[in-house]
Each structure stands twice: as structure tokens, then as C-alpha cells.
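Residue numbers (our numbering), protein chains in the order written: chain F, 7 to 375; chain G, 254 to 613; chain W, 121 to 202. Input: a single structure, listed below in C-alpha cells.
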Amino acid sequence: MVRLSPDVTAALATLEARWGAAAPRRAGDREVGDVVGALATVPLPAEPDALPAPVEGVVSTGFAALDAILGPGGVPRDTSLALRGDGSSGKTTLALRLTAQAQAAGSIVAWLDVARAFDPVEAVARGVRLPWLVVVTPHDLDEGLSIAGTLLGGRSVDLLVVDLPARLGPAARPARIADRLHRLTALARRAGTLLVLLEPPGGPAAIGTAVVESAGLRLELARRAWIRLGHDVVGQRTEVLVARNRFGLPGRRAGLRILYADGDEREACLARDDLLVETSIQNAPIPVPGKVRDATAPPAMASSPPRPRARPSRDAGEERPALRVVPDGPHGPRRPALDRRDRARRQPGGPGARRPLGDAAGERPPARA
Amino acid sequence: MPLGSAHRLAPEAVFLDPWPEADTEAVEGAFATLAGFSPGLAGTADPTDPAFGLLEVQVDGLERLWGAEPRLVARLTAALAGVLPTAPSAGIAGTRFAATQAAGHATPGALIVVPPGGEAAWLAPLPARLLTPDPDVRARLARFGLRRIGAVAELPQTALVARFGEEGARIHARANGVEIVPFRPRQAPERLALALPIEPPVADVEPLRFVLHRLAAALGEQLVARGSAAAIARLRLELDLTFARAGTPTEMRLEQRFPEPTAEGEAIERLLLARLERTPPPAPVSRLELELAAVGPAAGQQLSLFVPQAARNARLGWQLARLALTFGEDRIRRVALADPEAPIPERRWTWQAVEAGDGT
Amino acid sequence: MTRLLREHPLIEPELDATGRLVAIRWNGRREPVEVCNRWRVEEDWWRAPIARDYFKVVGQRWLALVYLDRTAGTWHLERLYD
Numbered sequence: 007m008v009r010l011s012p013d014v015t016a017a018l019a020t021l022e023a024r025w026g027a028a029a030p031r032r033a034g035d036r037e038v039g040d041v042v043g044a045l046a047t048v049p050l051p052a053e054p055d056a057l058p059a060p061v062e063g064v065v066s067t068g069f070a071a072l073d074a075i076l077g078p079g080g081v082p083r084d085t086s087l088a089l090r091g092d093g094s095s096g097k098t099t100l101a102l103r104l105t106a107q108a109q110a111a112g113s114i115v116a117w118l119d120v121a122r123a124f125d126p127v128e129a130v131a132r133g134v135r136l137p138w139l140v141v142v143t144p145h146d147l148d149e150g151l152s153i154a155g156t157l158l159g160g161r162s163v164d165l166l167v168v169d170l171p172a173r174l175g176p177a178a179r180p181a182r183i184a185d186r187l188h189r190l191t192a193l194a195r196r197a198g199t200l201l202v203l204l205e206p207p208g209g210p211a212a213i214g215t216a217v218v219e220s221a222g223l224r225l226e227l228a229r230r231a232w233i234r235l236g237h238d239v240v241g242q243r244t245e246v247l248v249a250r251n252r253f254g255l256p257g258r259r260a261g262l263r264i265l266y267a268d269g270d271e272r273e274a275c276l277a278r279d280d281l282l283v284e285t286s287i288q289n290a291p292i293p294v295p296g297k298v299r300d301a302t303a304p305p306a307m308a309s310s311p312p313r314p315r316a317r318p319s320r321d322a323g324e325e326r327p328a329l330r331v332v333p334d335g336p337h338g339p340r341r342p343a344l345d346r347r348d349r350a351r352r353q354p355g356g357p358g359a360r361r362p363l364g365d366a367a368g369e370r371p372p373a374r375a
Numbered sequence: 254m255p256l257g258s259a260h261r262l263a264p265e266a267v268f269l270d271p272w273p274e275a276d277t278e279a280v281e282g283a284f285a286t287l288a289g290f291s292p293g294l295a296g297t298a299d300p301t302d303p304a305f306g307l308l309e310v311q312v313d314g315l316e317r318l319w320g321a322e323p324r325l326v327a328r329l330t331a332a333l334a335g336v337l338p339t340a341p342s343a344g345i346a347g348t349r350f351a352a353t354q355a356a357g358h359a360t361p362g363a364l365i366v367v368p369p370g371g372e373a374a375w376l377a378p379l380p381a382r383l384l385t386p387d388p389d390v391r392a393r394l395a396r397f398g399l400r401r402i403g404a405v406a407e408l409p410q411t412a413l414v415a416r417f418g419e420e421g422a423r424i425h426a427r428a429n430g431v432e433i434v435p436f437r438p439r440q441a442p443e444r445l446a447l448a449l450p451i452e453p454p455v456a457d458v459e460p461l462r463f464v465l466h467r468l469a470a471a472l473g474e475q476l477v478a479r480g481s482a483a484a485i486a487r488l489r490l491e492l493d494l495t496f497a498r499a500g501t502p503t504e505m506r507l508e509q510r511f512p513e514p515t516a517e518g519e520a521i522e523r524l525l526l527a528r529l530e531r532t533p534p535p536a537p538v539s540r541l542e543l544e545l546a547a548v549g550p551a552a553g554q555q556l557s558l559f560v561p562q563a564a565r566n567a568r569l570g571w572q573l574a575r576l577a578l579t580f581g582e583d584r585i586r587r588v589a590l591a592d593p594e595a596p597i598p599e600r601r602w603t604w605q606a607v608e609a610g611d612g613t
Numbered sequence: 121m122t123r124l125l126r127e128h129p130l131i132e133p134e135l136d137a138t139g140r141l142v143a144i145r146w147n148g149r150r151e152p153v154e155v156c157n158r159w160r161v162e163e164d165w166w167r168a169p170i171a172r173d174y175f176k177v178v179g180q181r182w183l184a185l186v187y188l189d190r191t192a193g194t195w196h197l198e199r200l201y202d
């Protein structure tokens, strides 16, 4: 691999930071954005609530409705934030949006991928800038905490995300790890580094307790509804409860709307709310410890924040197509980067192409060999 | 083209990974060899430079030393035989442009000599696109029907300047065998080295730290005094084999690239110490030599005005380099997208080591 | 955001009488699922063929992406949507 000198690399970073498209921006200012893999150019959904101007010392979560219920309008930089929720609650999306917001404000971020679940393509789709991201893949959580402590002690990262694993190794000692987590949060506070802990469902009790006790801000996420496009599930509605907040009132709730993009031809439909249907999930609301259940109606949903991609241009007056597979048409390709690649690979029937397996509801999956 | 496409075109081909360090070392060796023949050398050892692979030697007035030009070139070629992987193609002419074209048209190991004063005539039948690297100018030359250098040479300079601006003046001069770019000999990269004996020899890394501290501090001061910074450190440890196991080597060598060129002795010391802790010497050390290489002018850091991360990224790079040495390169990594639209996730990105000198 | 489980852990599918995927067993737990999308990926990359049938499945606890490796005949969990 060709090595660029640090000066050249830094100069490229300057140009990229000034003219690149990865940072979240208002929809009207966008040009054709980056195409980053399976998440192709996606038309932006409507933005009824744009993010307010950044506040000094505070990192936006990327969701305006959530920022609004946190005391200082976001997450203070010198705190520890714990995100708890079940398997598909949206906590990882929230952590990535927070990362993107921090980077847009000039932060360098380290992601401690103990869970070995980090997907760079998805991260970029959520606005994360890979040049300003360090991914730490430790052998185990103990080693990961050692590395994290060194990073914090060196004060060289502004945000450290710790993606805790669901299980500890057989040699792990939960009490020792819990103690180290406490120390880590104290170290982060002294270093002025925002520490984000992603707590997996069903993890060791000692770890959960340590996270609860040491985090100055704790959010609990619960999925309330799936968002469907036809039969497919393309997103979710998540309710966030501020379970603990040293900087404001706990007990407040906000709704997040999260859309997924799997990189197929239907992504243009995600911008059309009339095509999306929410199917509620019959879960109990997140209980607030020691508080009476909030009987008011859930707050108005906040749309998912804009992704760093542009709308495909449409001529005024064009009749919007019915729901169908949308090929590249006369209005130009929706995936500009695709033009530079070997298109034969993407043609129907070509190698590497996605082949629909028929109506998901009607056709049987092949029997296991 | 993408590697997959190349493989499909030539399934029997063997694909080698680039090795820029080896390329640089070979070219530096070539320059060192050529320096024994002429003080006037130009070219680059940077594999990323478009001019990489072109070595220019001023041979004016060297006939009395090395014989006529063809004989001189034969001696140069023979001297380079053990340094470069292949025989060089050589060209001699009165202008740098003509000499470069002559070398480009020669086969490996062969020499083309352009007669003195005959540059324009020799260049005349060659394609006009060779006169400029600018693709727009090339396209316009073709549109004007100027397909040979001779046709360009026949035009008045004013006409070319009117059409192509400053580049028009340059291509006119090149086509007519007029030298326009003065020869600027390259300066050989500086080498800074210091060594200290250690008596009695020490086996632990901790005592080595004090010696390393002195060496790094002294060399760092030299760099600061010159306004320079180094990008590479080379440690040579002479080992005392009195009580060592059979087969222990007599010395140990380490090379460590820095996240960025530096003159800070303390940063150099910390990084090298981390390297020694990861790879301790197999026997007591009786002498420690530190060399700082890839020395160049120290660059200022003004980027913080535009990109806050850029200025702090350098410090982060040092810390990551130490962490990588301590915990392993596979623990601390950056990531870059490779083929984001690959149908399976394994093909979509690549991990990148944060080892010192990865350019980030 | 999807969490990409880099090791693609093995799972045990449960098919009904008609061969439809109805549940997944992973980490000792059984999760009834509904298939909401599916597609096939085939690639002859460097002559190490990739042939996978992907299924996006929604369950009570999560939305996930699983696949049948048709070359090996094994089922794997690739992603969790979170």
C-alpha cells in the first residue's frame, strides 16, 4: 500500500473536512453524497425537527427530541453515558449518531469493540468519519479496559465508546471488571472525555450494577414499533427514558424513529411516509425506578436524523412511481460510485448480484442440507 | 484496474504486494553508487512521486575521468548492476527533456545518444503528446493536428503561447531542444547516529532506557538545531555472547517508523522503549547505537485552524503506536472502506494498522 | 445501525412442515421469528464460491439477518439490527 506523508495526509484531511459529505448537514445544502456500500444514496426523510446549533461542552445525540429532554441540550463532554436496551432497541444507532456528532464538532473517537460487532459501513452511513476513528479490538474486556485507561490517560481521544460484550470469558472476574469500570469512568471524568457504555441485554449482574452506579447519565431504550415497507421491516420506533441524569430531570421520555437501509432498490421508498406502516409491539413501558408510571401520551416522534446522502434529483411534475423495484433510470444513477465499478457484477444474473428469492411470505426457504 | 479484473484477464499471473521501502532503498543505493561518478544527481527515491524511476546524472566534463560518454554509461550501468533489480535504460542528450526521452526509448541495458545540437532533429518524429503531461494540452495538440514534436517545433513560440499560455512556451522550448529547467542536484538525506558503549553489558530493558534517553536527547537536539525532523529510527544493539545460548546473534537491529517526523527526543525514546519491551534483546547489550533517518525540514502545524482533529491526530498517532507495540497491532486499528457495495460484509472494508508511519 | 457479528455464529434454524423458517435457536435460547425479506448472494470470488441465502427475520426480541451457507450447509447469524 502506498504511504502518504503525514503532511499530505493531513492536507487531504483538511480538504475532506471542509468539502466532504460525511458530516450531518441540512437537506437543502446537500449535493450528491457519498455512496458507502450497502447503504446507497437514500432520499432524506422529512425533517420536522432539525438539530439546533451545537452548545459548547455538549455533544448532540443526533436526535433533536432526545437532546431537548436532556438538561444541557445534549450529552456533556465530561460525563459517562450508559445506554441500556434489548437486542434491537437502537442503542448502537444512538451511539453511532453521537459519535458522528462528536466528530463533526472536532472530536477524535475510539470505539472499544469488545463485542466484535462494529460495522464500518454502517458507521459511515450514520455519519461517522473513519479517519477520525480508532477501533480497538481487545482480546477480552480486561485487556480492553487496560487499553481504554491508557487512551484516557493520554487525553488523546474525546469520546470513548465501550461496546460491552454479552458474556465474559471463562477467566474473567466480574468483580474486578466492575471495579475497573468504576475507575474508568472516574478517569474519563478527569480527562474530560465523554465515555459511552453500551450495555448488552442479559449481561453479568456485576457489570450492570457497575454501569448503573458509575454513569452520570443513563438512558434506557425500548422498541415500541416496527416500521414496515410492505412485508419488510425497515425501521423501528424507539422510546428513550432518561433513567438517570445528573444534569437535568430524570424520568423524561423521547421517541426516536430509526430507519435501516439494506442497500436494495427500494430505498427510495423510505422517504415516503405514506408507504411506511408502523406495527406496535405490545411491550410494557419502561418503568422508572421509584416513580409513578407516566400516564401521558408518548411524545411526538422525532424523525431519524439525516444521513449524509442526497436526494436523487427528480424533475418537477414527474409522476411518482408505484411501489416497485426501481432500476437506474433516465434521471441518472442513484449510486454514482457504482458507475466506476464493474457493473457486470451487479446485473441481474451476474455473479455477486442479489437475487430475490421470490415473495418472502409465499416461498419456502431451502431445506437445511 | 481492480485486482479481480486483472486476475480474470490473466489467471496465471502472480500478484505481488508493493514494497515501497525496498524500492526506496534500492533507489537510494543507486544514488549512492552514482555519486561516485558525478556530483550532479537529480531524482527522487519516493515511490509515490510520479517521477520515481528517473535518475538524472550530469556528465558534462567527465570524459577525462571516465572516458567518452558511451563508455561512461557502460561503467555506470555495470556499477548499478548489483544495486538495481534490472539494468537501467539510458539516454544522453543536451537537454533534460531529450535525455529523458532517449532513456525512455532505450531498452533495458541499452543507451541512446542524441548528438550534441541534434536534440530537435532527434525529437521531431516522436509523438507531440510527450511534450507535456497536461491531458488538456495533449488533447488540444491532437485537435490542432500537431501529432509530432517536429510539427510543434516549426510553430512560432508566440502562437503556442497564445494557445497554451506558459505551457506553450515550455513545449516550444522542449521541441526545439532548448533547456528550460535548470539542473538542481539533489541533496542526499542526512544521517544522524550516535552510539554508546555499555559496561558492564545489561540484560534488562530498564537500564537500556537511560542510555536510550541520552542518545535520543542528543540527536533530538541536533535535529532541533538544524530545524529538521526525522521519520525513522534505527537501533543497533551489540550483544555480549559470553553467557548466551548457542546460536544467539551478535547483534540485534530494530527499525521503527514514527507516526510523523519529529525532533522530540522524549517521544522517540518512549516509542523505542515500547518496541524493546515487546522485543527484548536475547542477550546482554554491550553497545547501543541510535540512528535517525529520513531527515527533512521540520514542517509546521497550521492545520488546527481548519481541522481540529488533524493537529491532535499526530499526538494520538504516537500513543496508538505505543499501544500497538504493547498490545499488538491487531488490537488497535483504523478502518477504511474497500468495496462498500460488496454483497458480503467481509469484502467491504479493510483494517489498517496504526503502526508508526501509516500516514494517518 | 446493524451490529455485524464478525464471527457469524452458528445458529439452529427451525422449519415448519412446509419448510418455512419459524424459529432460531442461538446462545441457548429459542426465538420464534417471521421472515420479512430474503435474497440470494452468489459470487465466484477467487474461485472460493460464496453462495448464501439471506433471511431478514423479526422476532420478539430483535430484528436480525441470518443466512444459509449453501456451500457448507450451515446457518449463521450475521447481523442484529440495533
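We put the beta carbon where it would ideally sit given N, CA and C, even for glycine. In this text, all values refer to a predicted model and were calculated from it rather than measured experimentally.
Around G/Ala589, the beta-carbon contacts reaching into chain F at under 7 angstroms are Leu136. W/Asp164 and G/Glu594 have their C-alpha atoms roughly 16 angstroms apart.
In the DSSP assignment, G/Val607 is bridged to no other residue.
Not a single CB atom of chain G sits nearer than 9 angstroms to the CB of W/Ile131. In this structure, G/Pro271 keeps its C-beta atom at 9 angstroms or more from the C-beta atom of G/Pro292. By the CB criterion at 9 angstroms, F/Val141 and F/Leu102 fall outside the cutoff. Residues of chain G with a Cβ closer than 7 angstroms to the Cβ of W/Val153 do not exist, since the nearest Cβ in that chain sits about 21 angstroms away. Scanning the stretch 306–334 of chain G from its first residue to its last, the whole alpha helix (DSSP H) runs of 4-plus residues come out as 316–319 and 322–333. The alpha-carbon separation between F/Asp164 and G/Gly570 amounts to approximately 14 angstroms. Boundaries of the beta strand (DSSP E) around G/Ala484: Ser481 to Leu492. Within 10 angstroms of the beta-carbon of F/Thr199 lie 16 or more other beta-carbons, which makes it buried.
Here DSSP, grouped into helix, strand and coil, assigns G/Thr286 to helix. Distance from the CA atom of G/Arg528 to the CA atom of G/Glu582, rounded to whole angstroms, is 12 angstroms. Relative to the Cα of G/Ala304, the nearest Cα in the group G/Gly257, G/Val280 and G/Ala499 belongs to G/Val280.
Identification of chain F residues near G/Gln572 by a Cβ-Cβ cut-off of 8 angstroms yields Thr156, Leu157, Gly160 and Ser162, ordered along the chain. Proximity to F/Leu87 across F/Leu223, F/Phe124 and F/Gly155 peaks at F/Leu223, based on C-alpha coordinates. The beta carbon of G/Leu379 is closer than 6 angstroms to those of Ile402 in its chain, skipping five residues each way along the sequence. Going by DSSP, F/Leu225 is part of no alpha helix (DSSP H) but of the beta strand (DSSP E) stretching over Leu223 to Leu235. In terms of Cα proximity to F/Ser95, the closest of F/Leu151, F/Leu276, F/Tyr266 and F/Leu281 is F/Tyr266.
DSSP places G/Glu582 outside both helix and strand once states are collapsed to three, so it counts as coil.
From the beta-carbon of F/Arg122, the residues of chain W found nearer than 8 angstroms are Leu125, Arg126 and Glu127. When C-alpha distances from F/Leu204 are compared across F/Thr67, F/Glu149, F/Ala178 and F/Ala121, the shortest belongs to F/Ala121. Put simply, the backbone Cα of G/Arg584 is about 21 angstroms away from that of G/Glu513. Per DSSP, G/Ala351 has no beta bridge partner at all. Using a Cβ-Cβ cut-off of 9 angstroms, F/Gln107 does not count as an interface residue toward chain W, since no Cβ of chain W sits closer than that to its own.
If you draw a straight line from the Cα of G/Glu491 to the Cα of G/Pro502, it comes to about 9 angstroms. Residue pairing of G/Glu544 in beta bridges, as defined by DSSP: G/Ala446 and G/Arg487. Taking 9 angstroms as the cut-off, the beta carbon of W/Gly179 is found closer than this to the beta carbon of W/Ile144.
Straight across, the Cα-Cα distance linking G/Ala288 with F/Leu151 is about 54 angstroms.
Assigned with DSSP and collapsed to three states, G/Thr503 falls in coil, not helix or strand. Per DSSP, the unbroken beta strand (DSSP E) holding F/Leu118 starts and ends at Val115 to Leu118. Going by C-alpha positions, F/Ser162 is about 42 angstroms away from G/Leu494.
The residue among F/Arg263, F/Leu225, F/Gly236 and F/Gly241 with its C-alpha nearest the C-alpha of F/Gly254 is F/Leu225. Sequence-distant Cβ neighbours of F/Pro256 in its own chain, meaning closer than 7 angstroms and more than five residues away, are Val248, Ala249 and Arg250. Listed along the chain, the chain W residues whose CB falls inside 9 angstroms of the CB of F/Trp117 amount to none; the nearest CB is some 12 angstroms away. Note on geometry: alpha-carbon atoms of G/Gln509 and W/Pro152 lie some 54 angstroms from one another.
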